[in-house]
Amino acid sequence: MSEILFDEIPSLDLADFTSGDAARKAQFVQKLGEAYQNIGFIALRNHGLSDELTQKLYAATKDFFALPDEVKQKYENPELAGQRGYVGKGKEKAKGFNTGDLKEFFHVGQELSDIPDSDPIKEEYPENIFPEEVPAFKEATLEAYRKLEAAGKQVLRAIAIHLGLQEDYFDEKVKYGNSILRPIHYFPIENPDSVPADAVRAAEHGDINLITLLMGASADGLQVLRRDGQWIPITALPEQVVVNVGDMLARLTNNKLKSTIHRVVNPPRELMHTSRFSIPFFMHPRSEMDLTCLESCIDEQNPKAYPDATAGEYLNERLVELGLKKA
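This is how it looks when you write it as structure tokens:
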């Protein structure tokens, strides 16, 4: 497949994949493969999230982050390594960076009541934590979690076809997977001189997981690093979600699919006092998934680039690098 330098991320329609029309489905898979082998990002419409749910979720998210810091901190449990509940301002830093990002966030994972008792994975996950001050937060986050998880499963099916695997290759691997919905608040900076010179809303990084589904943010700022070294802005229309390849999928495919470095830049100085909200869904597999490079993605030009690891082992390694977990 020839290298393409996209000026903007390709826009695809999930309805083409799920339509039952073989030609539309094949075209979706081809376009998805081209995008993921080149820039690692697409914008996706017909993903199953309604405008009403999106508005409800953003309203509840804003209500939570408007609470005083001491109230939000009630929902922070350091023992969980940031996997559930609130994570305070500046706690997370990108791999290779010493300065914390200018953000705070909240993590919602699998709802334990959705997982059958017969599945041993249930023992691996902590209970979700929800803020009692914002009752709408629980319902809105769990509904969005399930919708985005369902859309993510369809995207993974298209990826499997593109890789020459069985369409259902990922189905059991992501069933009750360790996925996370993360409402983020990039908080206002009233005095820009008060923060470290190298502090940004989100320093350049790759995502850990298989794929990320990102709901449209409340302000500009997301940029992706094209392979010619140029940063290009990512803008999605209100009815789209941005879906990008994570590091786990890059490992599995020996970098055939690109986990592209991206960042959230600070706004102009005169807008530093404004908030930005963003809600990514990080789609993770079950911890036992084998991330060993697929044989079909290894050849003389592309020797095996990664040691063997399970998803759980790799996640643990990255949480330590992010400063969320002690080594």
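Residue numbering for the sequence shown follows our numbering, starting at 98 and increasing by one per position. Built from N, CA and C at the ideal position, the CB exists for glycine as well. This one's a predicted model, so the numbers in the text were calculated from it and none came from an experiment.
Measure the beta-carbon distance from residue i to residue j and round it to whole angstroms, keeping in mind my assumption that it falls under 8 Å.
i    : j    : result
N225 : V205 : 6 Å
G185 : E167 : Wrong, their Cβ atoms sit about 11 Å apart, outside the cutoff.
L177 : G187 : With a Cβ gap of about 18 Å, L177 and G187 do not count as contacting.
L245 : L307 : Rounded, the Cβ-Cβ distance is 13 Å, inconsistent with contact.
L150 : A237 : 7 Å
V321 : I136 : 7 Å
I376 : L239 : At roughly 13 Å, the Cβ-Cβ gap does not stay under 8 Å, so I376 and L239 are not in contact.
V362 : R298 : 7 Å
P228 : Y266 : That belief does not hold up - the Cβ atoms of P228 and Y266 are roughly 38 Å apart, past 8 Å.
F125 : A255 : 6 Å
Let me know if residue i comes out buried or exposed under the rule of 16 or more other beta-carbons within 10 Å of its beta-carbon.
i    : result
T350 : buried
E370 : As written in the sequence, residue 370 is His, which differs from the Glu given in the question. The residue in question, H370, is exposed, as its Cβ has fewer than 16 Cβ neighbours within 10 Å.
G261 : exposed
R373 : buried
L334 : exposed
V338 : buried
Q263 : exposed
K353 : buried
G182 : buried
N437 : Nothing in the structure corresponds to residue 437, since the chain is present only between 98 and 424.
N275 : buried
V417 : exposed
G102 : Strictly speaking, residue 102 in this sequence is Leu, with Gly absent from that position. The residue in question, L102, is exposed, as its Cβ has fewer than 16 Cβ neighbours within 10 Å.
Q152 : exposed
When DSSP labels each residue in this structure, what does residue i get in the three-state scheme?
i    : result
Y403 : coil
S375 : strand
M369 : coil
F202 : strand
T115 : helix
R360 : strand
H259 : helix
E167 : helix
N225 : coil
E397 : coil
E264 : coil
A296 : coil
E301 : strand
Y242 : helix
I101 : coil
S210 : helix
P289 : helix
P217 : helix
T151 : helix
K355 : coil
D160 : helix
G249 : helix
N174 : coil
A419 : Here residue 419 turns out to be Leu, not Ala, going by the sequence shown. Coil, per DSSP.
Y273 : coil
Which residue or residues does DSSP assign as beta-bridge partners of residue i?
i    : result
S108 : A140
Y283 : R373
P330 : Q320
M380 : I308
D387 : T407
L278 : V205 and F378
V126 : Beta-bridge pairing links V126 to no other residue.
Y183 : F203
N341 : F138 and T309
Can you tell me whether residue i sits near the ligand HEM, meaning its C-beta is under 7 Å from at least one heavy atom of the ligand?
i    : result
A112 : This structure lacks the ligand HEM, and indeed carries no ligand of any kind.
For residue i, would you say it is in contact with chain C, using Cβ-to-Cβ distances shorter than 8 Å as the test?
i    : result
F138 : Included in the structure is just one protein chain, with no chain C present.
> Is it true that the segment 246–261 meets the segment 133–144, where meeting means three or more beta-carbon pairs spaced less than 8 Å apart?
Replying inline: Touching, per the Cβ criterion.
> Quick one: any contact between the segment 109–116 and the segment 205–214, if contact means 3 or more CB pairs under 8 Å?
Replying inline: They do not touch, by the three-pair rule.
> Any chance the segment 350–359 sits against the segment 301–312, with 3 or more Cβ pairs inside 8 Å?
Replying inline: At 8 Å Cβ cutoff, the stretches touch.
> Per the contact definition of three or more C-beta pairs closer than 8 Å, is the segment 155–163 in contact with the segment 279–294?
Replying inline: Touching, yes, given that three or more Cβ pairs across the two stretches are closer than 8 Å.
> Would you call the segment 380–400 and the segment 263–272 in contact, with 3 or more CB pairs under 8 Å?
Replying inline: Segments in contact, yes.
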